[in-house]
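Single-structure report; data block below.
Numbering (full-length UniProt numbering), first residue to last: 1 to 217.
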């Protein structure tokens, strides 16, 4: 079975999205890219995260062909694949329907630097232009808006984040959802103060060691 380790991690983190209240039902998708083989492992379409088995994970090549698997890949497979084509720093991508980031998505707002932890994704999190889910246009819009960032808000939809592995991609989803909640609450009683670019650049440097989680042995 190709990419067996990646398959197991995708199953694990899919369940964590639900148990951490970062998505509902089958909303969202996860993938891992193996640069040596050029293959992507991605969640199947429309299966509950607690029912997905490693053998249900679909393996695709960079041309979008199914290399291994009997299931249909996530309808948003191209949104993942395009990131791997365009970015050399991303080997794992997670899309989720988190509550507070999706509130911003429905307003088509970016998430400004109102909390220093936003630096895990960049100096802010842009909102991509709207496109129908599963479409080529959505993949292009998401990739464009996520340039030089590790997360993007998808207009009227949800959030997408990427990192070197699923552990860090999941961490970015968690942190940006937390920052989105804080921003939402702060906006309800006043106008949040935005940190300057210089401070966010400093945070980015500090996070090169502090902000990157590593797997336990």
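Cβ coordinates follow ideal geometry from the N, Cα and C atoms, glycine included. All values derive from a computational prediction rather than experimental measurement.
- Take residue 61, set aside five residues on each side of it, and the residues of its chain with a beta-carbon closer than 7 Å to its own are 38, 39 and 67, in chain order.
- Residue 44 is classed as buried because its beta carbon has at least 16 other beta carbons within 10 Å across all chains shown.
- Judged by DSSP secondary structure, residue 116 falls outside any alpha helix (DSSP H); it is assigned neither H nor E.
- Three or more Cβ pairs closer than 8 Å define a contact, and the region 83-99 meets that threshold against the region 156-171.
- With distances taken between CA atoms, residue 148 lies nearest to 122 out of 136, 135, 169 and 122.
- The three-state reading of DSSP puts residue 170 in helix, counting H, G and I together.
- Non-local beta-carbon contacts of residue 124 in its own chain, meaning distances under 7 Å to residues more than five positions away in sequence, involve 110, 111, 112, 113 and 118 in chain order.
- In the structure shown, residue 203 adopts helical secondary structure according to DSSP, grouped into three states.
- Annotation: the region 50-75 contains the following complete segments of the beta strand (DSSP E) (minimum length 3 residues), in chain order: 58-61 and 66-68.
- Residue 26 holds the alpha-carbon nearest to the alpha-carbon of residue 76 among 26, 188, 181 and 194.
- Going by DSSP, residue 153 is part of the beta strand (DSSP E) stretching over 151-154.
- Measuring C-alpha to C-alpha distances from residue 12 to each of 53, 2 and 89 identifies 53 as the nearest.
- The alpha-carbon of residue 129 is positioned some 14 Å away from that of residue 151.
- Rounded to whole angstroms, the separation of the alpha carbons of residue 33 and residue 9 is 12 Å.
- Counting the other CB atoms within 10 Å of its CB gives residue 64 a total below 16, which places it among the exposed residues.
- With at least 16 other beta carbons inside 10 angstroms of its own, residue 179 counts as buried.
- Around the beta-carbon of residue 193, fewer than 16 other beta-carbon atoms lie within 10 Å, marking it exposed.
- In its chain, beyond the 5 residues on either side, 156 have a beta carbon closer than 6 Å to the beta carbon of residue 106.
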